[in-house]
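S.K.:
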Amino acid sequence: MNWPAIRAIYRFEMSRFWRTAMQSILAPVISTSLYFVVFGAAIGSRMSTVDGVPYGLFIVPGLVMLALLTQSIANASFGIYFPRFAGTIYEILSAPISPVEVVLGYVGAAASKSILIGLIILATAALFVPLHIEHPVWMMAFLVLTAVTFSLFGFVIGLWADGFEKLQLVPLLVVTPLTFLGGSFYAIEMLPPFWRTVSLANPVVYLISGFRWAFFGTADVAIGISLAMTGLFLAVCLGLVAWIFRTGYRLKS
Amino acid sequence: MSPIISIENLSKTYASGLSALKTVNLAIARGEIFALLGPNGAGKSTLINIVCGIVTPSTGTVTVDGHDIGSGYRGARKAIGLVPQELTTDAFESVWNTVSFTRGLFGLKKDPGHIERVLRDLSLWEKRDARLMTLSGGMKRRVLIAKALSHEPTVLFLDEPSAGVDVELRQDMWRMVRRLREQGVTVILTTHYIEEAEEMADRIGVIRKGEIILVEEKAELIRKLGRKQLTLQLQAPLAALPADLADRGLELSQGGQELVYTYDAKAERTGITGLLTDLGAAGIRFSDLRTSQSSLEDIFVDLVRERA
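Those protein sequence lines, which keep their order, are chains A and B. The opening residue of the first sequence carries number 1 in the numbering used here; numbering runs sequentially from there. The opening residue of the second sequence carries number 1001 in the numbering used here; numbering runs sequentially from there.
1) Would you verify that the beta carbon of ARG1109(B) is, or is not, closer than 9 Å to some beta carbon of chain A?
2) Which residues in chain B sit within 8 Å of ARG19(A), going by Cβ to Cβ distance?
3) Hey, is SER1019(B)'s beta-carbon within less than 9 Å of any beta-carbon in chain A?
4) Would you mind stating whether ARG105(A) and ARG7(A) have Cβ atoms separated by less than 9 Å?
5) Closer than 9 Å, CB to CB, is VAL248(A) near chain B or not?
6) For SER1058(B), which residues of its own chain have a beta-carbon under 6 Å away from its beta-carbon, when the five flanking residues on both sides are left out?
7) With 9 Å as the limit, tell me which residues of the stretch 90–122 of chain A have their beta carbon closer than that to any beta carbon of chain B; keep them in chain order.
8) Hey, is PHE12(A)'s beta-carbon within less than 9 Å of any beta-carbon in chain B?
9) Based on Cα-Cα distance, which residue from TYR10(A), ALA125(A), MET1(A) lies nearest to GLY79(A)?
10) So which residues on chain A does ILE1080(B) lean against when the C-beta distance must stay under 8 Å?
11) At 3 residues or longer, what runs of the beta strand (DSSP E) sit wholly inside the stretch 1175–1202 of chain B?
12) Evaluate contact between the stretch 136–149 of chain A and the stretch 80–92 of chain A, counting only Cβ atoms and requiring at least three cross-stretch pairs below 8 Å.
13) In chain order, what residues of the same chain have a beta carbon less than 7 Å from the beta carbon of GLU1008(B), not counting five sequence neighbours either side?
14) Would ILE157(A) count as contacting chain B if we go by Cβ distances under 9 Å?
15) Taking the beta strand (DSSP E) that VAL1165(B) belongs to, which residues open and close that run?
16) Excluding the five sequence neighbours on either side, which residues of its own chain have a C-beta within less than 7 Å of the C-beta of ILE97(A), listed in chain order?
17) Can you tell me the Cα-Cα spacing of ILE1080(B) and VAL1165(B), whole angstroms?
18) Whose C-alpha, out of PHE215(A), ALA242(A), ILE208(A), THR218(A), is nearest the C-alpha of MET229(A)?
19) Under 8 Å by Cβ, that's how I've got ALA1042(B) and LYS1209(B) pegged, so tell me the actual separation to the nearest angstrom.
20) By how many angstroms is the C-alpha of THR70(A) removed from the C-alpha of THR176(A)?
21) Show which residues of chain A have a CB atom less than 7 Å away from the CB atom of ARG1178(B).
22) Is any beta-carbon of chain A found at less than 9 Å from that of ASN1040(B)?
23) With a cut-off of 9 Å, does the C-beta of LYS166(A) fall near any C-beta of chain B?
24) Mind checking ILE30(A): buried by the 16 CB within 10 Å criterion, or exposed?
25) Excluding the 5 residues flanking MET171(A) on each side, which residues of the same chain have their C-beta closer than 7 Å to its C-beta?
26) Starting from the N-terminal side, write out each stretch of the beta strand (DSSP E) that is 3 residues or longer and does not extend beyond the stretch 74–132 of chain A.
27) Less than 9 Å between CB atoms is the rule here; does GLU1152(B) satisfy it with respect to chain A?
28) Figure out for me which residue from HIS1067(B), PRO1237(B), TRP1174(B) has the closest Cα to the Cα of GLU1258(B).
29) Counting only beta-carbon atoms, is PRO1112(B) nearer than 9 Å to chain A?
30) DSSP three-state call for GLU1160(B): helix, strand or coil?
31) If you check the beta carbons only, do GLN1229(B) and SER1292(B) fall under 9 Å apart?
32) Suppose you measure from the CA of ILE1050(B) to the CA of SER94(A); what does that come to, to the nearest Å?
33) Measuring CA to CA, which of VAL1095(B), GLY1107(B), ILE1213(B) is closest to SER1123(B)?
34) Look up ARG1208(B) in the DSSP assignment and give the residues it is bridged to.
35) Find the residues of chain B that neighbour PRO4(A), judging by a C-beta separation of less than 7 Å, and give them in chain order.
36) Which one or two residues does DSSP pair with LEU143(A) in a beta bridge?
Below, the structure written as structure tokens:
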């Protein structure tokens, strides 16, 4: 294992995060606060509880997940796309690094960043609602698993994209709708039966449901299924990345 | 001694169908400075990029210091420092960080002493905390060289090192290359500035349309393919060559003002003495004379044109 290389890539990526700390930390804090003002205070005050959980509290896991998914994808896709765009990727390709090490460096940094942002959002949420986490270990496990999975997914997007437009396309057209429709702000069982069934095809439902279970002990979907689905997405993303490196797809001509 | 780089039956056809390299065989000796000459699009960069791991070869094998670039890529790449043709740098990083980053990528522990030496050698020490985007093109080129030397490679690739570089940096670079050679580093450079190859290289390879058409010691190449010319400036112009000098291989130029004699510099008998005697006997007087030898540039242009 070339540990110095993994460390070098990891540090390089993290320094980008700290360099833009205002943007990378303040932005999620502000947007979370806005969600709380709009959904928690304004709308939530007119709503009863969901599954016995006050609405303001109910949306916390969904908000964290929303940020986790978008940040993981954005960080990881940009992290690998930019060197390709700027040409500095030559350095990664000509260094004595294995694909596994490249992924550990880039995806590790992207996942660290989004975990950090997830925790910051949790802390922000604690300012608005009395936060109680039923299963803190599982909460962290879901947080880390989701961050890693979607950082891997973002990495794949960053390798596939051949322009800044494509880089935005998947998050904008696929991930954000899936997250909003995946029960960030509502429980699936609040939907009419038909849409409830449709929702089960949305992978994000399982992530949010599992995460919510870690907070409140209740969920839309059985926790075992949530965990299995999260593991499945992780496996799919790992498989994709492995295939890309084996074929040199978009990395080497 | 076994070659430090050995390339066998290497070919590359890009997905677009472009055949960039056709069965290239080449061996680079340990510690030499090898210049790869060729016009744009001849395959120079493709060849370098394959050896460095950036482009996947279609067929053939390459070993670097005994390591196959495929199965032994770690060993092969560790030995190599690459200065790419394009000035690609991370805009927001500092000089110090970007050079240290490269050392890390190559799996080496931090060595601030070595990084300092490299930066000082390249006149970058004062700029160590400057962000890369604030540097001039020449300074960026220095940074790329510093990055390539950060992990103490035994083979250094310079892909078009003097593209867009001023005279001072070019001379600095030549000095650096000589110093590296003294330390036993093998240097491979591609260039289309013949002057550069003539100045620095021990051996020269010429690549054209994906084929290496010639590999030769520089001195030998100039001697073998170089011609010498003796030009005599005549006191009185000649309308035509005298009949008894017709078989001497002489040419009139400048409207009969000059007489040009082309000869083979390596031949034991150049025929100059006999020619001068005959000229005297024919009553042809000259006011001045000069000799010239074809440069590498002339040879190169001839070579590339000949096979076009």
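Beta carbons are placed, not taken as given, at the ideal position from N, Cα and C, and that holds for glycine.
M.R.: Per the coordinate set shown:
1) According to the sequence as given, residue 1109(B) is Lys; it is not Arg. Chain A has a Cβ within less than 9 Å of the Cβ of LYS1109(B).
2) PHE1092, listed in chain order.
3) False, the Cβ-Cβ gap to chain A never drops below 9 Å.
4) Position check: residue 105(A) holds Gly in this sequence, whereas Arg was assumed. Cβ distance < 9 Å, so GLY105(A) and ARG7(A) count as in contact.
5) The sequence shown places Gly at residue 248(A), rather than the Val named in the question. By the rule that beta-carbons nearer than 9 Å mark a contact, GLY248(A) touches chain B.
6) The residues are SER1011, LYS1012, THR1013.
7) Correct list: TYR90, GLU91, ILE92, LEU93, SER94, ALA95, PRO96, ILE97, SER98.
8) PHE12(A) counts as touching chain B.
9) Answer by Cα proximity: TYR10(A).
10) One finds SER94 in chain A with Cβ atoms closer than 8 Å to the Cβ of ILE1080(B), taken in chain order.
11) Entirely contained in the stretch 1175–1202 of chain B, the beta strand (DSSP E) runs reaching 3 residues are, in chain order, 1186–1191.
12) Fewer than three pairs of CB atoms, one per stretch, sit closer than 8 Å, so the stretch 136–149 of chain A makes no contact with the stretch 80–92 of chain A.
13) Leaving aside the five residues that flank GLU1008(B) on each side, the residues in its chain whose CB is nearer than 7 Å to its CB run, in chain order, ASN1025, GLY1060, THR1061.
14) Taking 9 Å as the CB threshold, ILE157(A) stays off the interface with chain B.
15) Taken as a continuous stretch (DSSP letters only), VAL1165(B) belongs to no beta strand (DSSP E), as it is neither H nor E.
16) Closer than 7 Å at Cβ, skipping near neighbours: ASN2, ALA5.
17) When rounded, the distance between both Cα atoms is 23 Å.
18) Cα-wise, what sits closest to MET229(A) is ILE208(A).
19) Here ALA1042(B) really is in contact with LYS1209(B); their C-beta atoms are around 6 Å apart, less than 8 Å.
20) The alpha-carbon atoms of THR176(A) and THR70(A) are separated by roughly 7 Å.
21) The contacting residues do not exist; ARG1178(B) stays about 24 Å from chain A at best.
22) Chain A contact via Cβ: absent.
23) No, its Cβ sits nowhere closer than 9 Å to a Cβ of chain B.
24) A residue is called buried when at least 16 other Cβ atoms come within 10 angstroms of its Cβ; ILE30(A) does not meet this threshold and is exposed.
25) The residue asked about is misnamed: residue 171(A) is Pro in this sequence, not Met. The answer, listed in chain order, is THR70, ILE73, ALA74.
26) The stretch 74–132 of chain A contains no whole beta strand (DSSP E) run of 3 or more residues.
27) So, not an interface residue.
28) Nearest C-alpha to GLU1258(B): PRO1237(B).
29) Cβ-Cβ to chain A under 9 Å: no for PRO1112(B).
30) Correct three-state label for GLU1160(B): coil.
31) The beta carbons of GLN1229(B) and SER1292(B) sit closer together than 9 Å.
32) A straight-line Cα-Cα distance of about 10 Å links ILE1050(B) and SER94(A).
33) Nearest option by C-alpha distance: VAL1095(B).
34) Answer is GLU1211(B), bridged to ARG1208(B).
35) Those within 7 Å of PRO4(A) in chain B are GLY1104, GLY1107, LEU1108, LYS1109.
36) LEU143(A) is not bridged to any residue.
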